[in-house]
Each structure stands twice: as C-alpha cells, then as structure tokens.
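Convert by adding 19 to the 1-based position in the sequence shown; the result is the number in the numbering used here.
In this text, a Cβ means the ideal position worked out from N, Cα and C, and glycines have one as well.
Bear in mind the structure is a predicted one, so any value in this text is a computation, not a measurement.
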Amino acid sequence: MSASKIQEILGKLKETWKEIKNIIVYNLRNESSALSFRNIKMIGRGTFGVVIQIEDQINQRKYALKQVFQDSRFHNRELEIFKKIQHENIVKLQYYNYEEETSKGRYLNLFMEYHPYNLETLILDRNIKYNKFIKDWTSQIISALDYLHSRGICHRDIKPANLLLTDRLNRIVICDLGSAKVLEKGKNNIPYVCSRYYRSPENILGIETYDCKIDIWSAGCVLVECHTKETLFKGSGNREMLSQILSIVKCSKADLYEMGVIPEEYESKGIRKYLEENVEDGTNINLYEKMIVFNPAKRYSAKQLAKYIHK
C-alpha cells in the first residue's frame, strides 16, 4: 500500500472514528451484529494498513481494528485465511466489515482481539523481566507455525512486532497475516517478503521457490533476540545481511553452491558457538541451532521442531 493511501486511511480514521460509531459487523460465520465503538488510540501502521485500538461501548471490550484498502481487482488473503484457522497462539478475528465502496475498491475493517504488549516493546524495555517465559513462548510459536504450515499457510513476516502478549506475558500470539499466503510446492512466489533483519537466506538471495521454512528462520532470529536483546543480523541491505549471516552461521561450500552463492572465505564460529556465548542460561540452544540453518533443506520444519520439543 502506498504512503499516500496510508495517510488517507489515517485521516479517515481520525475523522470517522473520533466519536462513537455504530456499525454492522460480521463474525466468521457471516452472522451480522450491530455494535457501537469508540476510538482510543492508534497502535501501529505498516505496508498493508493502519491499526487502532477501539472499545465496544456496550461491554467495554477492547479490539484492535486493522483497516486496509481492498483493491477490487484482488481478493483479500488475510480475511480468507482468518476464516480457515483457529489456534490459541494466533490472533483471533472477532468481526469484519466493509465500508465506503468505490469503483477502485473498498475499505476492509478487521476487528481482532486486543493484546496490550508486543515482543518488540518488551525487548526494548530493559525494565521488564521476561526470561522465565521464553521457553513457553518458544513452544507456543512453534505450535502456531506447525498449525499454519500443516495447512500450507506461510506467515512471511515473523518479527517481534508481530508477536503479541497477554497482560501476564504467559501467552504469545502471532498477529498480522497481511503477508500470509498458501504456498504451493514448486510454484514461484515473490521473494521480497518479511522484514529485512528476519529475512531468510533464500529470500535474501531472491529464490522464488521457497517454502514455509522461511518462517522458521525468522522465528529463530526472534527467539535468540529475546535472550540477547540485540538483533541477531542487522545489515543495511541484502549484501550486508548475507555477510553478517555467514559471519555467524557456518555453511559448507556445497550448500553455498546449492543456494547460488559463490563461496568466499567467511570466518564463522558457527551458530552454536554464538549461542553458547550469548544465551546466558543455555535455554533452547539445541532447538535454535536447528532453526537458524542457512540451507532450508537442512533446516528443521515446524513439525520436526514440535516433535523435538515434546520427545
């Protein structure tokens, strides 16, 4: 979505949601309800739309309202995926509706359960102690990814900001399915997905036949960041990202050739050595080592990780 369209949405939201708004919404069974909401504050904005916090005036329940402009030429994947899934560690869509239909499209409103924190804010806040929850978060994220991947759904934008937390911090929830897509084996997909710091090697290299394991790489980077409070790979572009990855993650010449990379001399301690030096309590090192693997063919899948955790 263009910057001008984002600004247009922001202006419209400020104007039309500044007071109590009575609307007709639909649940996932397409049953309609009349609800009354008021705008509280903006939560976030991104490539695909704007998110604000709203409150139901009848029961004071809070929701995260995501509004996107839906081009009439395309279907909205996010809504279609929401209609197919239900998992305790994936944000729940409570209602949706459309408004202001034009010849070019219409606005889609997604009313989702509200959570007070996201992992990005926790990592940045040095005063919040959360280490005792990381092991549970790891299990929950892998469970949610296994659920999605078993249905062919790849999230394609796992990052700290897209992982929400309950007020007690004991449950983590994957949100923002705006980039999610059902991947078909052997079919090409746009490789320019996921936020740069959490982008898998295959995406960085422009490989179009990637699979759901790109989410595993991203999740591994996020979970390590939970321990260190530092972004694992932080390059300014693809070349620098690749260099940083290969300075930490060991990769054989055969794997580099397979991925289309001309082998150079990279001095790498290996991801395990990095984890042993930087993850203080040693939690989940064996697991992370199976997630942060350069060659996706050798990277564990969500299903393999789930089995490993519960063995």
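>> Please list the terminal residues of the continuous beta strand (DSSP E) segment that includes residue 68.
In response: One-based indexing of the sequence shown puts residue 68 at position 49. Per DSSP, residue 68 belongs to the beta strand (DSSP E) from 68–75.
> If you draw a straight line from the C-alpha of residue 236 to the C-alpha of residue 299, how long is it?
Replying inline: If you number the sequence shown from 1, residue 236 lands on position 217. If you number the sequence shown from 1, residue 299 lands on position 280. If I take the Cα positions, the gap works out to 21 angstroms.
> Span of the beta strand (DSSP E) holding residue 131?
Replying inline: The sequence position of residue 131 within the sequence shown is 112, counting from 1. Taken as a continuous stretch (DSSP letters only), the beta strand (DSSP E) holding residue 131 covers 124–132.
> residue 201 bridges to which residues according to DSSP?
Replying inline: As a working mapping, residue 201 is identified with position 182 in the sequence shown. Looking at the DSSP assignment, residue 201 forms a beta bridge with 172.
>> Nearest by alpha-carbon distance to residue 80: which of 69, 91, 56, 88 is it?
In response: Residue numbering aside, residue 80 sits at position 61 when the sequence shown is read from its first letter. Nearest of 69, 91, 56, 88 to residue 80, Cα basis: 56.
> Could you check where the alpha helix (DSSP H) with residue 316 kicks off and where it finishes?
Replying inline: In the sequence shown, the residue the question calls residue 316 occupies position 297. Per DSSP, residue 316 lies in no alpha helix (DSSP H) and is assigned neither H nor E.
>> Please report the straight-line C-alpha distance between residue 287 and residue 49, rounded to a whole angstrom.
In response: Indexing the sequence shown from 1 puts residue 287 at position 268. Indexing the sequence shown from 1 puts residue 49 at position 30. One C-alpha to the other measures close to 54 angstroms.
> What residues in its chain sit with their C-beta under 6 angstroms from that of residue 157, if we drop five residues either side in the sequence?
Replying inline: Along the sequence shown, read from residue 1 onward, the residue named residue 157 stands at position 138. Cβ neighbours of residue 157 beyond the five flanking positions: 242, 303.
> beta strand (DSSP E) containing residue 88: first to last residue?
Replying inline: Residue numbering aside, residue 88 sits at position 69 when the sequence shown is read from its first letter. From DSSP, the beta strand (DSSP E) with residue 88 extends over 81–90.
> I think residue 86 touches residue 110, with their Cβ atoms under 8 angstroms apart; what is that distance to the nearest whole Å?
Replying inline: Here residue 86 refers to the residue found at position 67 when the sequence shown is read from its first residue. Here residue 110 refers to the residue found at position 91 when the sequence shown is read from its first residue. That belief does not hold up - the Cβ atoms of residue 86 and residue 110 are roughly 16 angstroms apart, past 8 angstroms.
> With contact counted as at least three CB pairs below 8 angstroms, one residue from each stretch, are the region 90–103 and the region 224–232 in contact?
Replying inline: no
> How many angstroms separate the CA atom of residue 282 from the CA atom of residue 233?
Replying inline: By one-based count along the sequence shown, residue 282 stands at place 263. By one-based count along the sequence shown, residue 233 stands at place 214. Spanning the two alpha carbons is a distance of roughly 22 angstroms.
> Below 8 angstroms between beta carbons: does that hold for residue 161 and residue 199?
Replying inline: Within the sequence shown, residue 161 is the residue found at index 142, counting from 1. Within the sequence shown, residue 199 is the residue found at index 180, counting from 1. Taking 8 angstroms as the Cβ cut-off, residue 161 and residue 199 do not qualify as a contacting pair.
> Out of curiosity, what's the CA-to-CA distance linking residue 117 and residue 61?
Replying inline: For the purposes of this step, residue 117 is identified with residue 98 of the sequence shown, where counting begins at 1. For the purposes of this step, residue 61 is identified with residue 42 of the sequence shown, where counting begins at 1. Cα-Cα distance, rounded: 20 angstroms.
>> So, with DSSP's three-state summary, where would you put residue 278?
In response: Taking the sequence shown and counting its residues from 1, the one referred to as residue 278 is at position 259. The answer is coil: DSSP assigns residue 278 none of H, G, I, E or B.
> In terms of alpha-carbon separation, which member of 174, 201, 207, 208 lies closest to residue 193?
Replying inline: Locating residue 193 in the sequence shown gives position 174, counting from the first residue. Comparing Cα-Cα distances from residue 193 to each of 174, 201, 207, 208, the minimum goes to 174.
> residue 179: which of 166, 218, 203 sits nearest, CA to CA?
Replying inline: To locate residue 179, count along the sequence shown from 1; it is residue 160. Of the candidates 166, 218, 203, the one whose C-alpha sits nearest the C-alpha of residue 179 is 218.
> Among residues of its own chain, excluding the 5 on either side of residue 327, which ones have a beta-carbon nearer than 6 angstroms to its beta-carbon?
Replying inline: In the sequence shown, the residue the question calls residue 327 occupies position 308. The answer is none, since no qualifying residue turns up.
>> In whole angstroms, give me the CA-to-CA distance for residue 272 and residue 314.
In response: In the sequence shown, counting from the first residue as 1, residue 272 sits at position 253. In the sequence shown, counting from the first residue as 1, residue 314 sits at position 295. Residue 272 and residue 314: Cα-Cα distance of roughly 11 angstroms.
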